[in-house]
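Notes follow the structure.
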Amino acid sequence: MKMPHPFEAVQPIWSAVRDRFQKMIEGLQESDMDLKLSEQFPTIAHLIRHNAEVEYMFAAWFFKRKTPADVTFLTAGPPKDAPQDLGQLAALISFSASANEHLIAGMKELPLEDWDKPVVTPIGTSTPREALGRALYHTGIHSGQISYIRKLAEQQNHVDQG
Numbered sequence: 409m410k411m412p413h414p415f416e417a418v419q420p421i422w423s424a425v426r427d428r429f430q431k432m433i434e435g436l437q438e439s440d441m442d443l444k445l446s447e448q449f450p451t452i453a454h455l456i457r458h459n460a461e462v463e464y465m466f467a468a469w470f471f472k473r474k475t476p477a478d479v480t481f482l483t484a485g486p487p488k489d490a491p492q493d494l495g496q497l498a499a500l501i502s503f504s505a506s507a508n509e510h511l512i513a514g515m516k517e518l519p520l521e522d523w524d525k526p527v528v529t530p531i532g533t534s535t536p537r538e539a540l541g542r543a544l545y546h547t548g549i550h551s552g553q554i555s556y557i558r559k560l561a562e563q564q565n566h567v568d569q570g
């Protein structure tokens, strides 16, 4: 009996988390892009861009999918090192969707026998299966941060108006 490809098992889980993230950012306004918790914390635009860049990195490192030539990593390292202008919301939404599609393609193409082989990367050694868990966790963290920043901004807006 032929074993199913691991992507068949992980796809519903990945899609549940990643689709929710994408829908959340699609519901943002341009004015949300510069919101942040403090001067030391990244903006919402930075978090969106960073999440997508990590997906491109994971696709390359763990799923053997080459990063497209037109993708530039702008948010690697501390937020202060990133350019101030990370683009308009529509461009960030598109970049995020493209990163997701790229990572999914890598997962689909990775041979069955490679899903549990350790891969040495700049962030340590993990199997692609473990890396997917890390990517899920990473997306969840940034989703929560974006939601929290927006909630605090709304509360502050009510205080300022009230």
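Counting the sequence shown from 1 gives a position; this note's numbering is that position plus 408. Beta carbons are placed, not taken as given, at the ideal position from N, Cα and C, and that holds for glycine.
Shortest alpha-carbon distance to residue i belongs to which of the options?
i, options, result
"Val-479", "Ala-498, Arg-558, Glu-463, Phe-471", "Glu-463"
"Pro-526", "Leu-520, Arg-537, Arg-558", "Arg-537"
"Tyr-545", "Ile-531, Pro-414, Thr-483, Arg-426", "Arg-426"
"Ala-417", "Lys-516, Gly-495, Asp-440", "Lys-516"
"Ile-572", "Leu-436, Thr-529, Gln-430", "Residue 572 falls outside the range modelled here, since the chain spans only 409 to 570, and no answer is possible."
"Gly-495", "Ile-456, Pro-412, Pro-414, Glu-562", "Ile-456"
"Pro-412", "Leu-518, Phe-466, Arg-428, Gln-448", "Leu-518"
"Gln-564", "Leu-443, Ala-539, Glu-447", "Leu-443"
"Ala-505", "Met-441, Gln-430, Pro-476", "Gln-430"
"Val-528", "Ser-423, Met-465, Asp-493, Ala-477", "Met-465"
"Trp-469", "His-458, Ala-539, Thr-547", "Ala-539"
"Thr-475", "Gly-514, Pro-530, Arg-428", "Gly-514"
Could you tell me the boundaries of the alpha helix (DSSP H) in which residue i lies?
i, result
"Gly-435", "Premise fails: Gly-435 is in no alpha helix (DSSP H) and is neither H nor E."
"Gly-514", "497-517"
Let me know the secondary structure DSSP gives residue i once reduced to three states.
i, result
"Val-479", "coil"
"Ser-446", "coil"
Could you pull the start and end residues of the beta strand (DSSP E) that residue i belongs to?
i, result
"Thr-533", "532-534"
"Thr-451", "From DSSP, Thr-451 is part of no beta strand (DSSP E); its letter is neither H nor E."
Given that a residue counts as buried once 16 or more other Cβ atoms are within 10 Å of its Cβ, and exposed if not, what is residue i?
i, result
"Ile-549", "exposed"
"Pro-450", "buried"
"Ser-551", "buried"
"Lys-410", "exposed"
"Pro-414", "buried"
"Ile-512", "buried"
"Ala-507", "buried"
"Ala-484", "exposed"
"Ala-467", "buried"
"Ala-499", "exposed"
Can you round the beta-carbon distance between residue i and residue j to whole angstroms, since I take them to be within the 8 Å contact cut?
i, j, result
"His-510", "Arg-542", "Wrong, their Cβ atoms sit about 17 Å apart, outside the cutoff."
"Ala-460", "Phe-503", "5 Å"
"Leu-482", "Glu-438", "Their Cβ separation, rounded to whole angstroms, is 18 Å, which puts Leu-482 and Glu-438 out of contact at 8 Å."
"Thr-535", "Asp-524", "5 Å"
"Ile-501", "Ile-554", "Not really, about 13 Å apart at Cβ, beyond 8 Å."
"Leu-560", "Leu-445", "7 Å"
Can a CB atom of chain C be found closer than 8 Å to the CB of residue i?
i, result
"Gln-419", "Reference to chain C is not applicable here, since this structure consists of a single protein chain."
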